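Notes to accompany the following structure.
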Amino acid sequence: MTQDELQALRSDFPILAEKVYGKDLIYLDNAATTQKPRCVVEKMADAYYRYNANIHRGVHRLSQVATEANEQARDEAARFLHAGHRHEIIFTRGATEAINLVAFSYGEAFCHEGDEVVVTVMEHHSNLVPWQMLCERKGMKLRVAPMNEAGELDLPALYALLNERTRMVAVAHVSNVLGTVNPVREIIAKAHARGIPVLVDGAQSAPHMEVDVEALDADFYVFSGHKVYGPTGIGVLYGKERWLDAMPPYQGGGEMVGTVTFERTTYNELPFKFEAGTPDYIGSVALAEALRYVQRIWLTRIAAHEDALLRHATRRLLEVDGIRLIGTAREKGAVVSFLVGSIHPYDLGMLLDKQGVAVRTGHHCAQPLVDSLGIPGTVRASFALYNTMDEVDRFVEAVKRAAAMLQ
Ligand code: PLP
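The letter at position 144 of the sequence shown is residue 1043 when you use my numbering, and the numbering goes up by one with no holes.
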């Protein structure tokens, strides 16, 4: 990406011109949520101003327009993930709801006492707690795959956990704490060899790399719109038709039904069976705009740019006295977690904030991972398509200043 292209892209994001405590904002909390380009916000306003009406229900023109826009958004999401069928795309509130949907609904259909679910030590709470809840509900066992010191999954140990009782492997594509890119394609192939389906938590991969769910052969893949430059409150569950068809509804309500009597209710076909109630049809339309936005830039170029930022940040951070990088896998996404000496991550984060640098501190919703490392948490900088090398340099200088004050 040339400097001119990058500056042009940055001007799509009005918030990047904001000041924080009188300083230029350097926004490095993109793994938590990304900023929104103007086209996404304008798309929402346009939908509200011109064709807001509840979808699927109206005979009137506005409702038809809104319904079409929502269904076109589904097509866009299917294209984005290279899904085989549009009805394999379920709109949810985000990655969390998508995983809860699968854990509940797949669990109801396919899991029994004594069965097992395999997760990994680096899962976000969203891809851990729903499975724990399933295990509690059904009397099942949660098995946890370990990792090595660099933060790479111990694959032989993971594969050794797979057996005839395993009903699901749930794994992050990219760790939100360590940045590790997990070899999900290989994991899926190994699980499938034993007839076990795999859910891929794509919250940290969808914004940063081209994802092809069919090439991966993922059974389920989830992501959140707000991490892909889209609005909050909307996300996607991709599921293979054969699983979704066999799974019962997650919630009951309007639109997910066929016919309803007091005696018996039949359910709607896919994808509507899993979309009870008024969906976030404004969110879906804006999400589609965000997906078109990243595809116009090309995800491969975004990935290359973010990789350059990550390498530069890693190199420069190593200049800081007492730095300890947490997560040094060979394959890493746009995340760098670190500690400096014995400084508490929260204190460092506070002083970075005062210098206009937005980072995240703490356990990043992966408390078991952080506990297993015996650390109080990390400071995490995470990059997006609009970050610059200059911002990385200013961030590192800010870390040095903060560390000098605290040490
Ligand atoms: N999974 C991972 C790896 C994440 O990083 C996150 C959010 O940070 C989630 C799941 C949950 O996403 P959301 O809160 O948007 O549902």
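Glycine included, every Cβ here is placed at the ideal spot set by N, Cα and C. Values in this document were obtained by computation on a predicted structure and should not be read as measured data.
Note on Pro-936: 16 or more other CB atoms within 10 angstroms of its CB, so buried under the neighbour-count rule. Secondary-structure assignment with DSSP links Leu-1098 through a beta bridge to Ala-1069, Phe-1119. Less than 8 Å divides the Cβ of Ser-1004 from the Cβ of Tyr-1149. For the pair Gly-1038 and Thr-901, the Cα-to-Cα distance works out to about 55 Å.
Distance from the CA of Gly-1276 to the CA of Ala-968, rounded to the nearest whole angstrom, comes to 43 Å. Between the ligand PLP and the CB of Thr-995, the shortest heavy atom gap is smaller than 7 Å.
Lys-1139 and Gln-1266 have their C-alpha atoms spaced approximately 31 Å apart.
At a threshold of 7 Å, Asn-929 does not count as near the ligand PLP, since its beta carbon sits no closer than that to any of the ligand's heavy atoms.
Membership of Val-1159 in any alpha helix (DSSP H) is not indicated; the residue belongs instead to the beta strand (DSSP E) covering 1156-1159. Residue state for Asp-1014 is assigned as coil, using DSSP reduced to three classes. Counting of Cβ neighbours within 10 angstroms places Val-1099 among the buried residues, the total reaching 16 or more.
According to the DSSP assignment, Phe-990 belongs to the beta strand (DSSP E) that extends over 988-991. Restricting attention to alpha helix (DSSP H) runs no shorter than 4 residues, the region 1228-1280 encloses them at 1244-1253, 1266-1271, ordered along the chain.
Under the 8 Å Cβ criterion, the region 1172-1191 counts as touching the region 963-979, having at least three qualifying pairs. By the Cβ-count criterion, Leu-1052 is buried, with 16 or more other Cβ atoms from all chains shown falling within 10 Å of its own Cβ.
In the structure shown, the three-state DSSP call for Met-943 is helix. The alpha-carbon separation between Gly-921 and Ser-1236 amounts to approximately 26 Å. Annotation note: the region 1158-1182 contains no uninterrupted alpha helix (DSSP H) run of length 4 or greater. Here the distance from the Cβ of His-1262 to the nearest heavy atom of the ligand PLP is not below 7 Å.
Closest in alpha carbon position to Arg-1210, among Tyr-1137, Val-1156, Leu-1238, Val-1295, is Val-1295. When DSSP states are grouped into helix, strand and coil, Asp-923 belongs to the strand group. Setting aside the 5 residues that flank it on each side, Gly-983 is surrounded in the same chain by Glu-1113, each with a C-beta closer than 6 Å to its C-beta; the list follows chain order. Taking C-beta atoms under 8 Å as the contact rule, Leu-1136 and Leu-1000 qualify, at a distance of about 6 Å. Ranked by Cα distance from Val-940, the options Tyr-1192, Lys-1253, Ala-1092, Ile-1196 are led by Tyr-1192. Going by DSSP, Ala-907 is part of the alpha helix (DSSP H) stretching over 902-909.
Nearest to Thr-932 by alpha-carbon distance, out of Ala-1175, Leu-1208, Ser-1123, is Ser-1123. Here Asp-1206 carries a helix assignment [DSSP, helix/strand/coil]. In this chain, the alpha helix (DSSP H) harbouring Val-1001 covers 994-1009.
Not one heavy atom of the ligand PLP falls within 7 Å of the beta-carbon of Asp-1179. For Arg-1141, no beta strand (DSSP E) run applies; the uninterrupted alpha helix (DSSP H) run containing it begins and ends at 1140-1145, by DSSP. For the set Leu-1143, Glu-1015, Gln-1031, Leu-1190, the Cα lying nearest the Cα of Glu-987 is the one of Leu-1143. Only buried fits Leu-1057, as 16 or more other CB atoms lie within 10 angstroms of its CB. Take Ile-954, set aside five residues on each side of it, and the residues of its chain with a beta-carbon closer than 6 Å to its own are Ala-965, Thr-966, Asn-969, Tyr-1180, in chain order. Non-local C-beta neighbours of Leu-915 in its own chain, meaning closer than 8 Å and more than five positions away in sequence, comprise Arg-909, Leu-924, Tyr-926, Gln-934, Tyr-1285, ordered along the chain. Within its own chain, the residues whose Cβ lies closer than 6 Å to the Cβ of Ser-1074, once the five positions on either side in sequence are excluded, are Met-1021, listed in chain order. Gly-993 counts as buried, since no fewer than 16 other beta carbons sit within 10 angstroms of its beta carbon.
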